[in-house]
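Residue numbers (my numbering): 115 to 604.
Glycine included, C-beta positions come from ideal geometry on N, C-alpha and C.
Bear in mind the structure is a predicted one, so any value in this text is a computation, not a measurement.
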Amino acid sequence: MIVLFLVILLIVLAGVAVLWAARLPGSVLITLGPDTAVELKLVVAILGVVLIGAAMAVIWGALTGLLRLPGRFSEAHQAKKARNANKALADGLLAAEAGDVRLAKKYASKAEKHADDERLKLLLEARTAEISDDWSGAERAWGQLARLPGGQLAGLKGAATAASERGDVAAAEARAREALALRTEADWPFNALFDSQIARGHWQEALDTLATGEKRGAIKGDSLRRRRAVLYTAQACSLPNAERRDAQKLLADAIRSAPTFPPAAYHGARHLMIDGKVKAAQGVLELGWKANPHPALAHLCRRLDPADTPKSQIARLESLIATNPEARESRILKAEIAMAGRDWMSAIRILALLVEEKPTARLCLLLEQALKGYGDAKEAERWGRMAATASREAEWSDIDPNGNAFDYSRRDWARLVYSFGDAGTLVHSRYETYGRELEAGRHIALPAPARRAAPSRQVAAATPQLASAEKPVKLSEPPVDYVQDAEDER
């Protein structure tokens with residue numbers, strides 16, 4: 115529409131110009147010879163000049179077009195070649211993504227003939243080698259791409275992946291370090307290098323990479339702090355006994371990074387306990403209990419000081435409970451303290467509420483012991499049977515039969531870096547492998563069954579009040595709903 119408007123406007127302007135020229139007075143005399151002259155009106159002369167100019171422009175355009183014709187043929191050929199190259203590259207990449215090795219190789223050879231951009235040819239060559247499981251060829255192609263302008267980051271990523279696939283971890287880490295040094299916003303260099311170091315158990319190197327990732331903004335917030343806590347703890351646990359002081363510093367850093375990580379509090383308190391720093395160990399356990407109660411912390415609290423009396427041990431446990439009194443583990447600990455003090459009724463009340471929430475084997479065993487202490491052997495036996503089929507507690511399984519906890523392997527620590535670091539959840543390897551665990555309530559001493567001798571008639575007659583006091587007292591039923599169920603069954 116715009117072109118048509120301009121053409122019409124040009125025609126109108128030309129017509130106006132002709133009308134204007136026709137009104138001009140005068141004429142043009144053209145002398146052709148001594149005796150020959152031609153007189154033309156001014157308007158005719160103007161039109162003639164315009165027509166001659168237009169003819170010359172057409173002739174000049176035709177001549178220049180002929181002169182440029184070879185170049186245009188060359189441009190058309192290059193354009194066709196580029197179209198063929200682009201089609202071959204696109205088809206080849208699609209075939210590579212689809213896993214069709216034969217088609218990918220076919221289009222790769224076509225692209226090599228037609229494509230001018232070396233980067234695209236190397237990209238297709240690398241992808242074709244990858245789907246052919248030719249990781250050496252893929253690494254070579256990616257490496258060449260990394261040396262070309264604009265292809266460095268992509269080439270290093272592909273080379274790192276290929277090196278990892280063929281088992282050369284050192285080469286893969288070297289490529290990731292090169293990419294990390296480029297100061298790019300891509301997060302794969304940090305992730306690739308960090309993951310490789312975690313898989314190899316190189317905790318200090320992983321901590322250094324984590325610090326670099328923090329500076330680059332690749333990781334931050336809770337994930338950063340929790341990952342760092344796991345790495346500090348893993349490194350501390352890997353140090354020999356001669357370097358226990360360094361281990362304590364690392365564990366202190368771990369607790370500061372993530373107080374909610376129970377292994378850090380457990381191992382930190384354990385190291386302090388070994389050095390005889392009972393008060394400091396108690397403080398570490400209370401800090402960990404306040405943030406995230408775990409049964410291993412309570413179990414270690416009982417063993418902090420071999421010189422503890424039952425009373426001082428209970429005081430230590432009550433101090434632990436006070437930091438987080440409403441937590442489930444604190445309620446269980448209250449029940450165990452009540453059982454240790456022979457307050458069986460209080461223990462049964464607490465455990466009954468916990469069992470209603472989630473009946474586990476650990477709670478069933480504790481309730482069995484509380485009922486035995488109370489004197490209801492039949493009901494205790496029933497809860498003992500229920501313990502055999504009840505579900506286990508993942509956190510309780512972290513404590514082995516010897517009372518030790520969080521004895522993780524390198525693989526377990528590596529898993530913790532991601533499970534706790536990213537999601538805040540622990541791994542329970544003993545729970546997953548059905549490993550034996552500490553028997554619940556093993557430390558609680560139960561009273562021996564009472565054996566009463568029947569009083570003689572003479573003693574009974576002489577002291578009637580004493581005789582009546584010595585008569586067996588009928589026990590009231592414990593406040594557990596399941597007791598009523600047992601009566602119904604009978």
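Reference residue i, options the options, closest by Cα
{"i": "residue 292", "options": "304, 329 and 282", "result": "304"}
{"i": "residue 284", "options": "342, 264 and 306", "result": "306"}
{"i": "residue 289", "options": "458, 298 and 275", "result": "275"}
{"i": "residue 254", "options": "264, 241 and 160", "result": "241"}
{"i": "residue 243", "options": "429, 259, 219 and 262", "result": "219"}
{"i": "residue 282", "options": "259, 256 and 250", "result": "250"}
{"i": "residue 438", "options": "425, 464, 403 and 217", "result": "403"}
{"i": "residue 360", "options": "552, 372 and 347", "result": "347"}
{"i": "residue 330", "options": "358, 294 and 355", "result": "294"}
{"i": "residue 451", "options": "440, 435 and 420", "result": "435"}
{"i": "residue 317", "options": "326, 340, 344 and 334", "result": "344"}
{"i": "residue 208", "options": "178, 175, 239 and 188", "result": "239"}
{"i": "residue 129", "options": "144, 160 and 150", "result": "160"}
{"i": "residue 245", "options": "216, 231 and 261", "result": "216"}
{"i": "residue 372", "options": "201, 536 and 176", "result": "536"}
Contact set for residue i: own chain, Cβ-Cβ below 7 Å, skip 5 residues either direction
{"i": "residue 471", "result": "none"}
{"i": "residue 102", "result": "Given that the chain is displayed from residue 115 to residue 604, the structure contains no residue 102 and the question cannot be resolved."}
{"i": "residue 582", "result": "Interpretation of residue 582 is limited by its pLDDT of 36, a score under 50 that renders its predicted location unreliable; the figure taken from the coordinates is listed afterwards. If we look at residue 582 and ignore the five residues flanking it on each side, it has no Cβ neighbours."}
{"i": "residue 570", "result": "Because residue 570 carries a pLDDT of 39, less than 50, the predicted location of this residue cannot be relied on, and the following value inherits that uncertainty. So the list is empty, once near-sequence residues are dropped."}
{"i": "residue 406", "result": "374 and 376"}
C-beta contact flag for residue i and residue j at 8 Å
{"i": "residue 505", "j": "residue 474", "result": "yes"}
{"i": "residue 366", "j": "residue 390", "result": "no"}
{"i": "residue 338", "j": "residue 328", "result": "yes"}
{"i": "residue 378", "j": "residue 368", "result": "yes"}
{"i": "residue 531", "j": "residue 388", "result": "no"}
{"i": "residue 352", "j": "residue 400", "result": "no"}
{"i": "residue 409", "j": "residue 509", "result": "yes"}
{"i": "residue 272", "j": "residue 252", "result": "yes"}
{"i": "residue 512", "j": "residue 542", "result": "yes"}
{"i": "residue 442", "j": "residue 414", "result": "no"}
{"i": "residue 259", "j": "residue 297", "result": "no"}
{"i": "residue 552", "j": "residue 517", "result": "yes"}
{"i": "residue 342", "j": "residue 538", "result": "no"}
{"i": "residue 466", "j": "residue 380", "result": "no"}
Contacts around residue i, its chain only, beta-carbon distance under 8 Å, and the 5 residues preceding and following it disregarded
{"i": "residue 572", "result": "Any reading at residue 572 needs caution, since the residue's pLDDT is 37, under 50, leaving its predicted position unreliable; the model's value is listed next. Counting only Cβ-Cβ distances below 8 Å, and skipping sequence neighbours, we find nothing."}
Presumed contact (8 Å Cβ cut-off) between residue i and residue j, rounded CB distance
{"i": "residue 462", "j": "residue 485", "result": "7 Å"}
{"i": "residue 534", "j": "residue 375", "result": "6 Å"}
{"i": "residue 445", "j": "residue 464", "result": "6 Å"}
{"i": "residue 412", "j": "residue 447", "result": "5 Å"}
{"i": "residue 528", "j": "residue 315", "result": "7 Å"}
{"i": "residue 392", "j": "residue 419", "result": "5 Å"}
Residues bridged to residue i (per DSSP)
{"i": "residue 474", "result": "505"}
{"i": "residue 519", "result": "513"}
Cβ shell of residue i (< 6 Å), same chain only, five flanking positions each side left out
{"i": "residue 458", "result": "484, 487 and 488"}
{"i": "residue 554", "result": "476, 479 and 480"}
{"i": "residue 497", "result": "478, 481 and 482"}
{"i": "residue 350", "result": "361, 364 and 365"}
{"i": "residue 278", "result": "286"}
{"i": "residue 236", "result": "255, 258 and 259"}
Short CB-CB distance (under 8 Å) between residue i and chain D
{"i": "residue 332", "result": "Protein chains in the displayed structure number just one, and chain D is not present."}
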